[in-house]
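Counted from 1, the sequence shown has number 122 at position 96 by our numbering; the numbering is strictly sequential.
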Amino acid sequence: MKKVEQNDSIFSQTEALADEHWLERWLSKGWVRKILGTLSKDRPGGIGSHLERALQSYGNKNAPQRDKFLYWPIHKIMERIKTDVNNPEIASQISEHQWASRSIIAFARSINRYGLTVPQSWSGPLFLYWDFTTKCNLKCGHCYRKDRQDIEDELDLKQKFQLIDQFAANYGIMVIFGGGEPTLSNELESCIQHCKEKGLYTSLHSHGGFLSTERCEKLKQSGLDYIEVSIESANEEYTDKYRGVSGSWGKSIDGIRNGIASGLNVGMSMCVRQDNLAEVKATLQLAQQEGVCQFTHINFVPAGQSKEQMQIDLSPIQRKELMELLAEYRNKGNMGIASTAPQYGIHCADSLSFCGHSFRLEEKLSRVIGKYLGGCTAGRTSICVGPGGDVTPCVFMPERIMGNIKESKLIEIFQTNPWRDLLSERSERQGNCGSCKDRYYCGGCRARAQNYLNRMDHSDPGCILNQKLWSQLHGSNGQATTMQVDQQKELLSNFDTPSVRGRNIGKS
Ligand code: SF4
Ligand code: SF4
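This is the structure in C-alpha cells:
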C-alpha cells in the first residue's frame, strides 16, 4: 500500500489521486497518528475509548456535562466535517447511528496501526459476510454452493454469538446474513438481535420465499435494518424454470410485499448473466413498481460450482453498458441503485457504494473517501465466514481459506491474512488493474481474477480496459462463448502459476 506521509507527493501523482481533503493532511502527520491511538484505545472497566465517548456525547442533550466539556475540541472538528458532507442522511448518521461512530473509531485505530495508506489498511474488518447456512430449497445455476444441505459441523448458537462478539469488539459495523437461504435457520432472529445489542447494522440477503407476514414481523422485532430479496428477472415463468422450483417467483414478490408492509427496509437484487441480461430494464421497472428502496446488481462471479459456467458471464462491453444503464436509473432518483461490480463506482463518481448500499456525496468528497475504502473489499474491509466457521476473503473465493473461527479468533485470522498485501496492493497488479487510473477506487474483482486466472493479483477480465484478456479467455469477438471447461483450462495454462502466499486449500 502507498503510505501517505506529510508533504508526500502522492496527491499529485495521478489524476485519480489528485482530489484532496484538508483532513488528509492532518491524518498523515505522525503526532496525529499517535493521538488517534490514544483516543481510540479501549479503556479498562468497559467505559469506552475517549473517541467513543466523544462521538456519543456529540449533539447529545443527555450526555454528561463533563463529556461535553472534555470533548469539545473533537466536537468542533466533527462540526467542520459535517458541513463538508453535503448529504443530510450521512451527516445525521455521523452522530446518530452507532455504526457510523464505529466506522470512525475503526478508521482511527487503523491509522494508528498502519498509518494513512491508499487504500487504507484496516486493523479489523468493517463488514462481515456470513454464509449463515448451506441449506437452500432452490437450484439456481449461478450459485457457488455445490451442496445445499445441512452440514455436520455448522456453528452452534454459542459459537455464532462468539463470532458476533468478536466482530463487534473490533469495531466492525455491518453483518450481512447470506447463505444458502438464511431464513431456513431458526437461529437467524436470535443472531440479528444479538448484533443489534452490540450496535451493529444488519442486512439480510434472501430469496424471499419464506417471508410470510409473521416472519417479517419477527425479523422487524429482532431489529433487522435491511433485507434484500433476490429475483432473477421480471419474468415469472423464466425465473421459476431457472430456479428449478415452480411458484418461487411469486413467493419472492409476496416476500417483498410482506416485508414492506411490516415496515422493513426492502431492496431487490438481481444477478445478471447472459440468460437474463435482456430482462434488466423490466426488472428495474418491477423494483420501482413494488416500491423497494434499493435495486442491487449482483455481479456474476464464476466460483465454486458455477466455475464451470463461465459462458454465462457478461462480456466487458455488456458489463460497461449495464453500468451505464444502472447509473442512468440511479440519476432518476426514484430508488437507490447499487452494484457489487467494483467498476460501478467509476460510473457514479458522486457515490460511495458498498455491501449493497450506496450513498451520494459531493463528487470530490466521494472520491477522497473512495480511495481509502479502495473498491473491492475482499480481505480488506470485508471478510467472509462460512456456515462451518471457515474464513475467506470473499464468498466467491471458497478455496482461499484463511483460518477457522473454531480454532482462532476472527481478528487474528484477519490480521494474519496471508494474502493481505496481495489484496491491498494496487500498483503491483498484473495487467491494467495495476496501472489504470481508477485502481484505488475499483481495484477489479479479485475473485474474478482468482477464478478465471488462478491469481488474485491479476486483472479482472470483466472490465472494458481488460478486453484483450477477455478475448484470450472467451474468444476474439468479445462476446462470451460456450467454451468448454477443458478449453478454458488449456488457455489458463498459458498464464503464470498461482501466486500463493498463503494456504490454498482445495483445488483451485
Ligand atoms: S482496469 Fe482494473 S482497476 Fe481499472 S477499472 Fe478495470 S477492473 Fe477496475
Ligand atoms: S472479490 Fe471483491 S469485488 Fe469481487 S465479489 Fe469479492 S469483494 Fe466483491
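A virtual CB, placed ideally from N, CA and C, is assigned to each residue, including glycine.
{"query": "DSSP state of alanine 364 mapped onto helix, strand, coil", "result": "strand"}
{"query": "Nonlocal neighbours in the same chain, by C-beta distance under 6 Å from arginine 79, ignoring five residues either side", "result": "Asp93"}
{"query": "heavy atom of ligand 2 below 7 Å from alanine 473 C-beta", "result": "yes"}
{"query": "Residue burial classification, serine 461 (beta-carbon count within 10 angstroms, cutoff 16)", "result": "exposed"}
{"query": "Glutamine 369 Cβ short of 7 Å to ligand 1 heavy atom set", "result": "yes"}
{"query": "Cβ-Cβ distance between valine 421 and glycine 204 below 8 Å", "result": "yes"}
{"query": "Backbone secondary structure at glutamine 192 - three-state DSSP", "result": "helix"}
{"query": "Any non-hydrogen atom of ligand 1 within 7 Å of isoleucine 253 CB", "result": "no"}
{"query": "Beta-carbon proximity list for valine 125, same chain, < 6 Å, skipping 5 on both sides", "result": "Contrary to the premise, residue 125 reads as tryptophan rather than valine in this sequence. Counting only Cβ-Cβ distances below 6 Å, and skipping sequence neighbours, we find Ile199 and Tyr227."}
{"query": "Residues near ligand 1, criterion Cβ-heavy atom distance below 5 Å", "result": "Asn458, Cys459, Cys462, Asp464, Arg465, Cys468, Gly470, Asp486, Cys489 and Leu491"}
{"query": "Three-way DSSP call (helix, strand, coil) for phenylalanine 158 in this model", "result": "coil"}
{"query": "Endpoints, beta strand (DSSP E) assigned at serine 238", "result": "First-last for serine 238: undefined, no H or E at that position."}
{"query": "Cβ-heavy atom distance, phenylalanine 203 to ligand 2, below 7 Å", "result": "no"}
{"query": "Coarse secondary structure for glycine 429, derived from DSSP in three states", "result": "strand"}
{"query": "Beta-carbon contacts of glycine 415 that lie in its chain and below 6 Å, excluding the five residues immediately before and after", "result": "Leu181, Asn430, Ile431 and Lys432"}
{"query": "One or two residues paired with arginine 386 in a DSSP bridge", "result": "Ser377"}
{"query": "Under 8 Å between C-beta atoms of arginine 241 and threonine 209", "result": "yes"}
{"query": "Range covered by the alpha helix (DSSP H) that runs through valine 255", "result": "Premise fails: valine 255 lies in the beta strand (DSSP E), 252-256, not in any alpha helix (DSSP H)."}
{"query": "Cβ pair leucine 340, glutamine 300 closer than 8 Å", "result": "yes"}
{"query": "Proline 145 versus alanine 404 - alpha carbon distance", "result": "12 Å"}
{"query": "Neighbour-count burial assignment, threonine 322, 16 or more Cβ in a 10 Å radius", "result": "buried"}
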